[in-house]
Amino acid sequence: MVGEEKGWSIPIGYFDGKLPISGNRILLCGDAAGLVEPATGEGIAPAMSSGRYAAWQIKKCFKENIFSADFMKSYDKDIRKKYFRNYYFKTTITNLYYKMPFLMDWVIYISSKIFR
Ligand SMILES: Cc1cc2nc3c(=O)[nH]c(=O)nc-3n(C[C@H](O)[C@H](O)[C@H](O)COP(=O)(O)OP(=O)(O)OC[C@H]3O[C@@H](n4cnc5c(N)ncnc54)[C@H](O)[C@@H]3O)c2cc1C
Numbered sequence: 038m039v040g041e042e043k044g045w046s047i048p049i050g051y052f053d054g055k056l057p058i059s060g061n062r063i064l065l066c067g068d069a070a071g072l073v074e075p076a077t078g079e080g081i082a083p084a085m086s087s088g089r090y091a092a093w094q095i096k097k098c099f100k101e102n103i104f105s106a107d108f109m110k111s112y113d114k115d116i117r118k119k120y121f122r123n124y125y126f127k128t129t130i131t132n133l134y135y136k137m138p139f140l141m142d143w144v145i146y147i148s149s150k151i152f153r
């Protein structure tokens, strides 16, 4: 343990590809990087996947013996490439749903008629 335990909500919709998720000797993955799937709240797969990206980055750091914030930026770039487009789209749809639930009910109603 490096500090007190604290509770927090599942960080849905936090990843915007702009906030840094790395720093000098730091890499954030999973919930800490805000990588929970915006539409479903699924966080296990992105936690494992980003953990793998972090491991690749750490391997590169040891190979070059560089652990600086600048060097870590390629991790942010990889994660952004993997998640940004998909999450941006899903966050937009989810926000729309929260703001106008009747719209989503209507879409589901129409879809049920079309794809019966
Ligand atoms: C009730 C609930 C149901 C869920 N259901 C699903 C589901 O069905 N499917 C799905 O994909 N996702 C689900 N999630 C989300 C998923 O559990 C998380 O997104 C995922 O576990 C994130 O993994 P992580 O490794 O980023 O973080 P965590 O699993 O939270 O791991 C962080 C670890 O860091 C430790 N830690 C924290 N602070 C410190 C400290 N100061 N020092 C040392 N260690 C520390 C914690 O004890 C913990 O072990 C659910 C979450 C909740 C709360």
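According to my numbering, the sequence shown is numbered sequentially starting from 38.
Cβ atoms here follow ideal geometry from the backbone N, Cα and C, with glycine treated the same way.
Since the model is a prediction, treat every value here as computed from it, not as a measurement.
Does the beta-carbon of Cys66, which I'm using as the reference point, lie nearer than 7 Å to any heavy atom of ligand 1? Yes, the Cβ of Cys66 comes within 7 Å of a heavy atom of ligand 1.
Return yes when the Cβ of Leu64 is within less than 8 Å of the Cβ of Gln94, no when it is not. yes
Quick check on the DSSP output: what are the complete alpha helix (DSSP H) runs of length 4 or more inside the stretch 74-139, in order along the chain? 81-101, 106-136
For Leu65, list the residues DSSP reports as bridge partners. In DSSP, Leu65 forms no bridge with anything.
Whole angstroms are fine: how far does the CA of Val144 sit from the CA of Lys151? The sequence as given places Ile at residue 151; Lys does not occur at that position. For Ile151 and Val144, the distance between alpha carbons rounds to 10 Å.
Going by the C-beta, is Val144 closer than 7 Å to any heavy atom of ligand 1? Because no heavy atom of ligand 1 lies under 7 Å away, the Cβ of Val144 does not count as near it: no.
Distance check for Cys66 and Met28, CA to CA, integer angstroms please. Because the chain in this structure spans residues 38 to 153, residue 28 falls outside the shown range and cannot be described.
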